[in-house]
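Numbering-wise, the sequence shown is residues -14 to 352 according to our numbering.
Glycine included, C-beta positions come from ideal geometry on N, C-alpha and C.
First comes the structure, then the notes that go with it.
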Amino acid sequence: MEERKIRVAITHGDTNGIGYELIFKTFSDPEMLELCTPIIYGSPKVAAYHRKALDMEANFSIINKAEEAKDGRVNLLTAFDDEIKVEIGQPSKEAGHAALMALDRALTDYRDHLFDVLVTCPVDNDSIQGEGFDFKGQTAYIQECFSEDAKAMIIYENEAIRIGLMTDNVALKDVSANITKDKLTDKITAFALSLKRDFRISNPRIAVLSLNPKAGKEEEEIITPVINELSEKSINAFGPYPADKFFAEHLFDRFDGVLAMYHDQGIAPVKALYTLSNVEFTTGLPLVRTAPEQGVNFELAGKGTADENSLRHAIYLAIDAWRNRKEYDEALANPSPKLYHEKRDESEKVRFSIPKKHENSIKEREE
């Protein structure tokens, strides 16, 4: 019996933005329908409006329930019955509310096991605010919808790097206060688990960036001690590395993941170096959720110039992570017995450590 295709739920995002254009362009490639069965949570009327405005050939089958989704089709699920006024390229509360209704319907269906992974199109964080939504973004809202114990962590991923954030949506003046030993330990540990479980990296190496350009209080009292303590727990964390040198010298090529201390420290270089295929991956939740790392881009809406590569890669990553997570969990549920005593290997630590002589010369040059 042929295995059922992975069902990918995709929310349409802000109805005045680029969501439908990204969806239409992504599934204009017939190979995407061989890879998965998409269920678009949105509005057939809004979709038709965008299709006409973009003058695109985009076929979709209208369904009312996720159970009606068919393989080989772009299934467009009517997530709400409200009439929505479309003003392409203009922020509006109505468009933000339409984004929220689609997201709510998708989360409800996930609880009933009607799809496998969730991909969310861009929203305008100002427009979506209102009754029932007082959050800094979709990720915080999704986390709240699951449980108070859920601890979502966003990993920004592309073909060359994976970046996690120690702090996100935190004012720069408050970053230092939010870096504690417990929080940093939890963040690195969660990052390492995700690299194993979601990205299928058996022994991940994580670079930790420093908060200050030169070693300061946070590095000496928090970051370095945590890295050393995690080493005793066989978690391969290295650093702290000054961000400027780390990115300028492409040191990230040597690691499976990088933990930045605050948003711009990690995201700015990623967007500067790689622009077309950046993806947000949310770990720490019961479901696999990804999103294209691009804004709602009102200035591009309706012009047919939005690049769909980020959404395409978000779908690829969601499918890969779902498969990896399933295999990882199945292996842990039925572990093979150990046939030998495992000797701890310190070679990775030695490989990435800086020799004392070289470390001193770096400090002399910086002084």
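Determine the extent of the alpha helix (DSSP H) in which residue i is found, giving its start and end residues.
{"i": "Ile191", "result": "Per DSSP, Ile191 belongs to no alpha helix (DSSP H); it is in the beta strand (DSSP E), Arg190 to Leu194."}
{"i": "Leu358", "result": "Coverage of the chain is limited to positions -14 through 352, which leaves residue 358 absent and any answer about it impossible."}
{"i": "Pro277", "result": "First-last for Pro277: Val273 to Pro277, but that is the beta strand (DSSP E), not the alpha helix (DSSP H)."}
{"i": "Val255", "result": "His248 to Leu258"}
{"i": "Glu19", "result": "Glu16 to Leu20"}
{"i": "Ala233", "result": "Ala228 to Ala233"}
Between residue i and residue j, which are expected to be in contact by the criterion C-beta below 8 Å, what is the C-beta distance as a whole number of angstroms?
{"i": "Gly115", "j": "Gly81", "result": "7 Å"}
{"i": "Ala83", "j": "Thr0", "result": "5 Å"}
{"i": "Phe240", "j": "Arg182", "result": "Not really, about 18 Å apart at Cβ, beyond 8 Å."}
{"i": "Val281", "j": "Asp66", "result": "Not confirmed; about 24 Å, so no contact."}
{"i": "Ile24", "j": "Ala(-6)", "result": "5 Å"}
{"i": "Ser46", "j": "Val31", "result": "In fact, because the Cβ distance is near 16 Å, the residues do not count as touching under 8 Å."}
{"i": "Gly140", "j": "Thr290", "result": "For the record, residue 140 in the displayed sequence is Ile; it is not Gly. So it is not a contact: roughly 28 Å between Cβ atoms."}
{"i": "Leu272", "j": "Tyr95", "result": "6 Å"}
{"i": "Gly4", "j": "Cys106", "result": "4 Å"}
Relative to the ligand ATP, is the shortest distance from any of its heavy atoms to the C-beta of residue i smaller than 7 Å?
{"i": "Ala64", "result": "The ligand ATP is not among the ligands present in this structure, which contains no ligands whatsoever."}
Provide the residue span of the beta strand (DSSP E) that contains residue i, from first to last.
{"i": "Ser46", "result": "Ser46 to Ile48"}
{"i": "Ala318", "result": "Unbroken run through Ala318 is the alpha helix (DSSP H), Asn294 to Ala318; no beta strand (DSSP E)."}
{"i": "Thr11", "result": "Where Thr11 is concerned, there is no enclosing beta strand (DSSP E), although the alpha helix (DSSP H) it sits in stretches over Gly4 to Thr11."}
{"i": "Glu129", "result": "Looking at the DSSP string, Glu129 is not in any beta strand (DSSP E); the run it does join, the alpha helix (DSSP H), is Gln123 to Phe131."}
{"i": "Thr(-4)", "result": "Ile(-9) to Thr(-4)"}
{"i": "Gly269", "result": "Where Gly269 is concerned, there is no enclosing beta strand (DSSP E), given that its DSSP letter is neither H nor E."}
{"i": "Ala245", "result": "Gly242 to Ala245"}
Might you give, ordered along the chain, the residues of its own chain that have their beta carbon closer than 7 Å to the beta carbon of residue i, omitting 5 neighbours on each side?
{"i": "Tyr126", "result": "Phe118 and Phe120"}
{"i": "Met41", "result": "Phe9"}
Here's a check: name, in chain order, each residue in its chain whose Cβ is nearer than 6 Å to the Cβ of residue i, leaving out the five neighbours to either side.
{"i": "Ala257", "result": "none"}
{"i": "Tyr325", "result": "Below a pLDDT of 50, predicted positions are generally treated as unreliable, and Tyr325, at 49, falls in that range; the measurement from the model is reported next regardless. Counting only Cβ-Cβ distances below 6 Å, and skipping sequence neighbours, we find nothing."}
{"i": "Glu217", "result": "none"}
{"i": "Gly251", "result": "Ile148, Leu150 and Ala245"}
{"i": "Tyr313", "result": "Arg182"}
{"i": "Glu293", "result": "Leu7, Lys10 and Thr11"}
Check whether the Cβ atoms of residue i and residue j sit closer than 8 Å, and answer yes or no.
{"i": "Phe100", "j": "Ala64", "result": "no"}
{"i": "Ser195", "j": "Gly224", "result": "yes"}
{"i": "Leu92", "j": "Phe176", "result": "no"}
{"i": "Leu169", "j": "Val211", "result": "yes"}
{"i": "Gly287", "j": "Leu7", "result": "no"}
{"i": "Ala306", "j": "Phe266", "result": "yes"}
{"i": "Lys78", "j": "Ser112", "result": "yes"}
{"i": "Leu270", "j": "Phe184", "result": "no"}
{"i": "Tyr247", "j": "Thr152", "result": "yes"}
{"i": "Val71", "j": "Tyr34", "result": "yes"}
{"i": "Glu204", "j": "Asn213", "result": "no"}
In chain order, what residues of the same chain have a beta carbon less than 8 Å from the beta carbon of residue i, not counting five sequence neighbours either side?
{"i": "Asn49", "result": "Leu62 and Thr63"}
{"i": "Leu180", "result": "Arg147, Ile186, Pro189, Ile191, Asp241 and Gly242"}
{"i": "Ile69", "result": "Thr0, Ser28, Lys30, Val31, Glu79, Ala80 and Ala83"}
Item to check | Minimum length 4: unbroken alpha helix (DSSP H) runs contained in the region 140 to 226 | outcome: Every unbroken stretch of the alpha helix (DSSP H) spanning 4 or more residues and falling wholly within the region 140 to 226 is given here in chain order: 166 to 182 and 209 to 216.
Checklist entry - Which runs of the beta strand (DSSP E), 3 residues or longer, sit entirely within the region 63 to 132? => result Secondary structure remark: continuous beta strand (DSSP E) runs of at least 3 residues inside the region 63 to 132, in chain order: 102 to 105.
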